[in-house]
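S.K.: Below: one structure in structure tokens.
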Amino acid sequence: MAKKKQTETVVMTANGEQVIKKQNLALETWRRLAKNWSAMVGLAIVIVLVLCAVFADVLYDYDTQVIKQNISNRLQAPSGEHPMGTDEVGRDVLARIVHGSRISLEIGLAANVFSLTVGGILGAIAGFYGHRVDNIIMRIMDVFLAIPGTLLAICIMAALGSSIFNLIIALAVSGTPGYARIVRGAVLPVRDMEYVEAARAIGCTNKRIIFKHVIPNSLAPVIVQATMHTATTILTIAGLSFLGLGISPPTPEWGSMLSAGRAYIRGYAYLTTFPGLTIMITILAFNLLGDGLRDALDPRLR
Amino acid sequence: MNEEIKNTKDLELDIKNLVVEYRTPGGVTQALNGLDLEIEKGKTLGLVGETGAGKTTTGLSILQLIPDPPGVIVDGSIKLAGEDVMLKSEKEMEKIRGQQVSMIFQDPMTSLNPVMPVEDQIAEVIEMHELGEDGKPISHSAAILKAKEMLELVGIPGDRGTEFPHQFSGGMKQRVVIAIALACNPKLLIADEPTTALDVTIQAQVLEMMKGLREKYGTSMLMITHDLGIVAEICDTVSVIYAGRVIEHGTLEDVFDFTRHPYTEGLFNSLPDLDHRENRLKPIKGLMPDPTNLPKGCAFCPRCDYAMEICKTEKPPRVYRNDEHYVECFLYNEQNIKEGGLLGR
Amino acid sequence: MSKIDTNKPLIEVEGLKKYFATKRGMLHAVDDVTFTINQGMTLGVVGESGCGKSTTGRAILRLLEPTGGSVHFDGQDLLALSAEEMRHKRQELQIIFQDPFSSLNPRKTLAETIAEPMEIHHIFDDKLKREERVLELMDTVGLARRLMNVYPHELDGGRRQRIGIARALSVNPKFIVCDEPVSALDVSIQAQILNLLEDLQEDMGLTYMFITHDLSVVNHFSDDIAVMYLGKLIEQAPSEELFAHPTHPYTQALLSAIPEPNIHKKTQRILLKGEITSPIEPKPICRFAQRCNYATDRCREGEPCLKEISPKHFVSCFLTDDM
Chain Z
1 MAKKKQTETV VMTANGEQVI KKQNLALETW RRLAKNWSAM VGLAIVIVLV
51 LCAVFADVLY DYDTQVIKQN ISNRLQAPSG EHPMGTDEVG RDVLARIVHG
101 SRISLEIGLA ANVFSLTVGG ILGAIAGFYG HRVDNIIMRI MDVFLAIPGT
151 LLAICIMAAL GSSIFNLIIA LAVSGTPGYA RIVRGAVLPV RDMEYVEAAR
201 AIGCTNKRII FKHVIPNSLA PVIVQATMHT ATTILTIAGL SFLGLGISPP
251 TPEWGSMLSA GRAYIRGYAY LTTFPGLTIM ITILAFNLLG DGLRDALDPR
301 LR
Chain R
1001 MNEEIKNTKD LELDIKNLVV EYRTPGGVTQ ALNGLDLEIE KGKTLGLVGE
1051 TGAGKTTTGL SILQLIPDPP GVIVDGSIKL AGEDVMLKSE KEMEKIRGQQ
1101 VSMIFQDPMT SLNPVMPVED QIAEVIEMHE LGEDGKPISH SAAILKAKEM
1151 LELVGIPGDR GTEFPHQFSG GMKQRVVIAI ALACNPKLLI ADEPTTALDV
1201 TIQAQVLEMM KGLREKYGTS MLMITHDLGI VAEICDTVSV IYAGRVIEHG
1251 TLEDVFDFTR HPYTEGLFNS LPDLDHRENR LKPIKGLMPD PTNLPKGCAF
1301 CPRCDYAMEI CKTEKPPRVY RNDEHYVECF LYNEQNIKEG GLLGR
Chain Y
2001 MSKIDTNKPL IEVEGLKKYF ATKRGMLHAV DDVTFTINQG MTLGVVGESG
2051 CGKSTTGRAI LRLLEPTGGS VHFDGQDLLA LSAEEMRHKR QELQIIFQDP
2101 FSSLNPRKTL AETIAEPMEI HHIFDDKLKR EERVLELMDT VGLARRLMNV
2151 YPHELDGGRR QRIGIARALS VNPKFIVCDE PVSALDVSIQ AQILNLLEDL
2201 QEDMGLTYMF ITHDLSVVNH FSDDIAVMYL GKLIEQAPSE ELFAHPTHPY
2251 TQALLSAIPE PNIHKKTQRI LLKGEITSPI EPKPICRFAQ RCNYATDRCR
2301 EGEPCLKEIS PKHFVSCFLT DDM
């Protein structure tokens, strides 16, 4: 069929040849993503969250505004001074939400990087070598998958005690099998492509084949999974904290704020409304972005 | 344009000046640019061309199955036995498809439903279109019976009808596809590269069978292919299509023995000659033009060894060598086309 | 480059076997195949899908490890090499693939793809020199130099196939397996690529194993033709001889089935019954017997072996024994 028209830019190389400029594949993907309205909304929200997390200290001082109790100010309705009101011990809710984003994103990111690395390597090995190796790795992963993720995290937290580090471990372990499956699924079709055989035919080592040919071509679903899974992880953090197993007070965390506000839900609904909304919007934003990435990375659209 | 109306012919299919575009954000692909096609009742026309020439689009337009969007039929008329299909409603088209016109697709592996026994797939078409003896819609059992008959007809034992597509080999799947297409005795059969996915010995079997069935039922056929060998085997007339236009048309003899268009000549020269194996191939230079950006004049001009200045700017007119055989090329006029033209082969 | 002696064998394949384990038993993809290809010559291998012709090509290159038999390249036993030695040996044995769409890494530009073999085998470690060599190769295969930085998805099938050819040539191989290099291309492009391969053979003294299902192409292209059926080599002869005197009933049917673009030549079709049977755990009988129009009880009892019926013409059929 017809190739779509290229905007060909001619450039000069070192030895004076006129050649068509190299197309930037990442830029192409970005262009397609930018056309997707909902993905852009998702991305904007994610960026705001990241900025909040990075500049949390500039916006609100942790010691004086986020954790310091101020009983005289307790349970104030939203106002100019406290846009989201104050909680039962007089702390600014907005300040705590802003600092909470730091906790959520930090833990979410750390747990995801861990699951991605371990799950990715295991999945790639399973997919690339196949047969017995595949069987052994994937059956172990299946065992983990058979336990509900949150339940597994609860067990780990209950066994190891609640601390940020243990929370990361718990989330990372429960996220690993998902990544292994996705990566294996992405590697399998690529492994059977003729260009992998071609790479072997020109004398590539297995290592080179995996890193230069297989991984770059199976990244797309992994990027999508990473985005979507971040949402799941943040939700799990909130869930665990809500149950009292995650982040312990006074560290600001959306789930534990929700939990603390529960006692005052009749009179002071904003204590639960704002953290609840934040969680919802965050999850929605990551999912919108993930969906958009899935479309933008789809090779059929190329 | 040379508007010669041939009332004497009894046409099963008559396409005039068909223009189809695919409009995408990336640009407008001009799939067909004024295509003319005629098939007489009971005859077989070979539509020959390369990837992207518009062969499949032609087949889909006849059935009004162009994916819309992005496909748009911009201009032209398609008449089936004298009736314009463009004026038909979707409901009426549903009746026509399968009953009056059927299509066989290239890939037998994907055109069958993998979770349905083959006889049910054949019966489905029959139930949709045929009436029983009492004038009511045909019963399922009667349709299955007819389906088994169809299977026997294409050379598959009727009792294998309860099997699923994956239990059949490639050649047999294509036979099933043909059985489905012929189940309602269509007047016109559109075969889009029906044997390309098959091995030569199987291809020979399937072609032989199609020839037999065509004679038995007097079906007209549109044979879409890139293989001139198959055309020589099965067709009565040939239309050579390039960039959405028929650039040469005639009877088998006209086109094979009195080849006029440089492109048609190029196609013949590109094929290895079985009798003179040492001969070097003479390929057509260059590539198919970009259908989103066709040349202003003759679409073949950039690849043509005989191109002249005029070819770059103007569309060549149609020149007739006899009542049937015509060429769209500036090399010819009314006189020299009969003399053997400028090209010798 | 050393002198090409067309009487000296480059590739000697003997009793080559490749079996695959399936759930229903051993699949005999290639079963006891023997042939030699002399330097600078082309052996065409024809057969229908599933006859084992591609598997044979890959087993010779050890892209698939053969189950049995031996492969000698320039007198050296390839199967005796360690994996690492074989990896280095690949400089001399290359392959061109059928599908110009899946045989190129979509994330590598044209120049990166062509340069990769040189990178691996450390030919021209100087970057500029290597780039110069890439451009030379692009000239050789007829790719415009300005395309060096484009990705495969921006190109058509014919140009992609030229990239595959340039990649194979980049290490100066002696032997190339061409696995249906033109069957995915349009006729006019097909002729361009065939001519290119012919020119390259002449200029560089290459030896080809040309795998195809298209008999008119193989006739045009090859010096010798081997016909395979269900993993077995059933007939081998010089091209003229094979087309003039096809002897195996399958070869006869295959040749008669070629649709020729000629309306005056009416060949008598030999139609075969049924289709290719399963290569899983085949019985020790003639594998073609089921479809053969001349099959006798003898064909269903024992397995014929390859015999030379005239100089360089080998056939594996009981019928020829009586002749």
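Residue numbers (the working numbering), protein chains in the order written: chain Z, 1 to 302; chain R, 1001 to 1345; chain Y, 2001 to 2323.
Ideal Cβ placement from N, Cα and C applies to all residues, glycine included.
Since we're looking at a predicted model, the values are computed, not measured.
#1: Contact criterion: CB-CB distance below 8 Å. Does R2269(Y) meet it with respect to chain R?
#2: Throw me the rounded Cβ distance for the K2017(Y) and D2031(Y) pair, which I believe falls under 8 Å.
#3: Between I2234(Y), S2188(Y), T2212(Y), H2248(Y), which lies nearest to G2044(Y) when the distance is taken from Cα to Cα?
#4: Buried or exposed for N1002(R), going by 16 or more other Cβ atoms inside 10 Å?
#5: Taking 7 Å as the limit between beta carbons, can you name the residues of its chain near K1315(R), skipping five residues before and five after?
#6: Excluding the 5 residues preceding and the 5 following P177(Z) in the sequence, name in chain order all residues of the same chain whose CB lies nearer than 8 Å to its CB.
#7: What's the C-alpha gap between K2108(Y) and F2221(Y)?
#8: Which residues in the same chain as P1272(R) place their Cβ atom closer than 7 Å to its Cβ, once the five residues preceding and following it in sequence are excluded?
#9: Which first and last residues belong to the alpha helix (DSSP H) in which H2020(Y) is found?
#10: If the cut-off is 9 Å on Cβ atoms, which residues from the stretch 1153–1178 of chain R count as contacting chain Y, listed in chain order?
#11: Candidates Y1320(R), M1116(R), D1084(R): which alpha carbon is nearest G1161(R)'s?
#12: To which residues does DSSP link A180(Z) through a beta bridge?
#13: For N1269(R), which residues in the same chain have their Cβ closer than 6 Å to its Cβ, ignoring the five residues on either side in sequence?
#14: V2315(Y) by DSSP, collapsed to three states: which one?
#15: Bridge partners of F2035(Y), per DSSP?
#16: What alpha helix (DSSP H) runs, 4 residues minimum, are completely inside the stretch 1251–1275 of chain R?
#17: What three-state label does DSSP hand N73(Z) in the structure shown?
#18: Here's the rule I'm using: 16 or more other beta-carbon atoms within 10 Å means buried, otherwise exposed. How should T1251(R) be labelled?
#19: Using only CA atoms, which one of M1150(R), C1301(R), Y1320(R) lies nearest to D1120(R)?
#20: Here's the rule I'm using: 16 or more other beta-carbon atoms within 10 Å means buried, otherwise exposed. How should D1159(R) be labelled?
#21: Would you grab the beta carbon distance between I2258(Y) and G1229(R) for me? Rounded to a whole angstrom, and I think it's under 8 Å.
#22: Output needed in chain order: residues of the stretch 179–208 of chain Z with a Cβ under 8 Å from some Cβ in chain Y.
#23: If you draw a straight line from the alpha carbon of G2075(Y) to that of E2012(Y), how long is it in whole angstroms?
#24: Quick one: is K1006(R) buried, meaning 16 or more other Cβ sit within 10 Å of its Cβ, or exposed?
#25: Report the rounded CA-to-CA distance for V1048(R) versus D1036(R), giving the unit in angstroms.
#26: For D2186(Y), decide whether its Cβ has a neighbour in chain R, counting only Cβ atoms nearer than 8 Å.
#27: Please state whether the Cβ-Cβ distance between Q2161(Y) and P2181(Y) is less than 8 Å.
#28: Quick test of the definition: if touching needs 3 or more C-beta pairs under 8 Å, does the stretch 2241–2248 of chain Y touch the stretch 1330–1340 of chain R?
#29: Alpha carbon to alpha carbon, what distance is there between K1187(R) and R1214(R)?
#30: DSSP state of D142(Z), grouped into three classes?
#31: Distance check for M2041(Y) and L2010(Y), CA to CA, integer angstroms please.
#32: Under three-state DSSP, which class holds Q2094(Y)?
#33: Among residues of its own chain, excluding the 5 on either side of A2(Z), which ones have a beta-carbon nearer than 6 Å to its beta-carbon?
#34: If you measure from the beta carbon of N24(Z) to each beta carbon in chain Y, is any gap under 8 Å?
#35: Measuring only between beta-carbons, confirm whether I20(Z) sits less than 8 Å from chain Y.
#36: Within this structure, are the beta carbons of C1301(R) and L1045(R) separated by less than 8 Å?
M.R.: According to the data block:
#1: Reading the third sequence from its first residue, position 269 is the one you call residue 2269(Y). With 8 Å as the cut-off, R2269(Y) counts as an interface residue toward chain R.
#2: Translated into the one-based positions of the third sequence, residue 2017(Y) becomes position 17. Translated into the one-based positions of the third sequence, residue 2031(Y) becomes position 31. The pair is a contact, with the Cβ atoms about 6 Å apart (cut-off 8 Å).
#3: Translated into the one-based positions of the third sequence, residue 2044(Y) becomes position 44. Comparing Cα-Cα distances from G2044(Y) to each of I2234(Y), S2188(Y), T2212(Y), H2248(Y), the minimum goes to T2212(Y).
#4: Against the second sequence, residue 1002(R) aligns to sequence position 2. With a pLDDT of 45 at N1002(R), under the threshold of 50, the modelled position of this residue cannot be trusted; read the value that follows with caution. If you draw a 10 Å sphere on the C-beta of N1002(R), you find fewer than 16 other C-beta atoms in it, and that means exposed.
#5: By 1-based counting over the second sequence, the position of residue 1315(R) is 315. Only residues of its own chain outside the window of five on either side were considered, and among them G1297, C1298 have a CB closer than 7 Å to the CB of K1315(R), listed in chain order.
#6: Within the first sequence, numbered from 1, the residue matching residue 177(Z) stands at position 177. Excluding sequence neighbours, P177(Z) sits near G119, M141, D142, F144, L145.
#7: Numbered from its first residue, the third sequence carries residue 2108(Y) at position 108. Numbered from its first residue, the third sequence carries residue 2221(Y) at position 221. Their Cα atoms are separated by approximately 31 Å.
#8: Within the second sequence, residue 1272(R) is the residue found at index 272, counting from 1. Counting only Cβ-Cβ distances below 7 Å, and skipping sequence neighbours, we find L1281.
#9: On the third sequence, position 20 is the one that residue 2020(Y) refers to. Note that residue 2020(Y) is Phe in the sequence shown here, rather than His. First-last for F2020(Y): 2009–2022, but that is the beta strand (DSSP E), not the alpha helix (DSSP H).
#10: Listed in sequence order: S1169, G1170, G1171, M1172.
#11: Locating residue 1161(R) in the second sequence gives position 161, where the first residue counts as 1. Nearest C-alpha to G1161(R): M1116(R).
#12: Here residue 180(Z) refers to the residue found at position 180 when the first sequence is read from its first residue. DSSP lists no partner for A180(Z).
#13: By 1-based counting over the second sequence, the position of residue 1269(R) is 269. The residues are K1282.
#14: The count along the third sequence starts at 1 and reaches residue 2315(Y) at position 315. In the structure shown, V2315(Y) sits in a strand (DSSP, three-state: E or B).
#15: For the purposes of this step, residue 2035(Y) is taken as residue 35 along the third sequence, with counting starting at 1. Bridge partners of F2035(Y): V2013(Y).
#16: Here the runs fully enclosed are 1252–1257, 1262–1270.
#17: On the first sequence, residue 73(Z) is found 73 positions in, with the first residue counted as 1. DSSP places N73(Z) in helix when its eight states are reduced to three.
#18: Stepping through the second sequence from its first residue, residue 1251(R) is reached at position 251. By the Cβ-count criterion, T1251(R) is buried, with 16 or more other Cβ atoms from all chains shown falling within 10 Å of its own Cβ.
#19: Taking the second sequence and counting its residues from 1, one reaches residue 1120(R) at position 120. With distances taken between CA atoms, D1120(R) lies nearest to M1150(R) out of M1150(R), C1301(R), Y1320(R).
#20: Looking up residue 1159(R) in the second sequence gives position 159. Around the beta carbon of D1159(R), fewer than 16 other beta carbons lie within 10 angstroms, which makes this residue exposed.
#21: Here residue 2258(Y) corresponds to residue number 258 of the third sequence, with the count starting at 1. Here residue 1229(R) corresponds to residue number 229 of the second sequence, with the count starting at 1. That belief holds up - the Cβ atoms of I2258(Y) and G1229(R) are roughly 7 Å apart, short of 8 Å.
#22: Listed by position along the chain: M193, E194, Y195, E197, A198, A199, R200, A201, I202, G203, C204, T205, R208.
#23: Against the third sequence, residue 2075(Y) aligns to sequence position 75. Against the third sequence, residue 2012(Y) aligns to sequence position 12. Here the C-alpha atom of G2075(Y) lies approximately 8 Å from the C-alpha atom of E2012(Y).
#24: The count along the second sequence starts at 1 and reaches residue 1006(R) at position 6. Here the model assigns K1006(R) a pLDDT of 49, short of 50, so the residue's position is not dependable and the matter cannot be decided.
#25: By 1-based counting over the second sequence, the position of residue 1048(R) is 48. By 1-based counting over the second sequence, the position of residue 1036(R) is 36. Distance between the alpha carbons of V1048(R) and D1036(R): 14 Å.
#26: Translated into positions along the third sequence, residue 2186(Y) becomes position 186. Taking Cβ atoms only, chain R reaches closer than 8 Å to D2186(Y), which makes this a yes.
#27: In the third sequence, counting from the first residue as 1, residue 2161(Y) sits at position 161. In the third sequence, counting from the first residue as 1, residue 2181(Y) sits at position 181. Yes, Cβ-Cβ distance for Q2161(Y) and P2181(Y) is below 8 Å.
#28: The stretch 2241–2248 of chain Y makes no contact with the stretch 1330–1340 of chain R; the number of CB pairs closer than 8 Å stays below 3.
#29: As a first step, residue 1214(R) is located in the second sequence; it is residue number 214 there, counting from the start. As a first step, residue 1187(R) is located in the second sequence; it is residue number 187 there, counting from the start. Here the C-alpha atom of R1214(R) lies approximately 10 Å from the C-alpha atom of K1187(R).
#30: As a first step, residue 142(Z) is located in the first sequence; it is residue number 142 there, counting from the start. Three-state DSSP puts D142(Z) in a helix.
#31: Numbered from 1 along the third sequence, position 10 holds the residue referred to as residue 2010(Y). Numbered from 1 along the third sequence, position 41 holds the residue referred to as residue 2041(Y). Rounded to whole angstroms, L2010(Y) to M2041(Y) spans 9 Å at the Cα level.
#32: As a working note, residue 2094(Y) is residue 94 in the third sequence. Q2094(Y) falls in the strand class under three-state DSSP.
#33: As a first step, residue 2(Z) is located in the first sequence; it is residue number 2 there, counting from the start. Residue confidence for A2(Z) is low, a pLDDT of 36 falling below 50, so the modelled location carries little weight and cannot support an answer.
#34: What you label residue 24(Z) is simply residue 24 of the first sequence in a count that begins at 1. By this cut-off, N24(Z) is not an interface position.
#35: The residue given as residue 20(Z) occupies position 20 in the first sequence. Answer yes: the Cβ-Cβ gap between I20(Z) and chain Y drops below 8 Å somewhere.
#36: Numbered from its first residue, the second sequence carries residue 1301(R) at position 301. Numbered from its first residue, the second sequence carries residue 1045(R) at position 45. Not a contact, by the Cβ cut-off of 8 Å.
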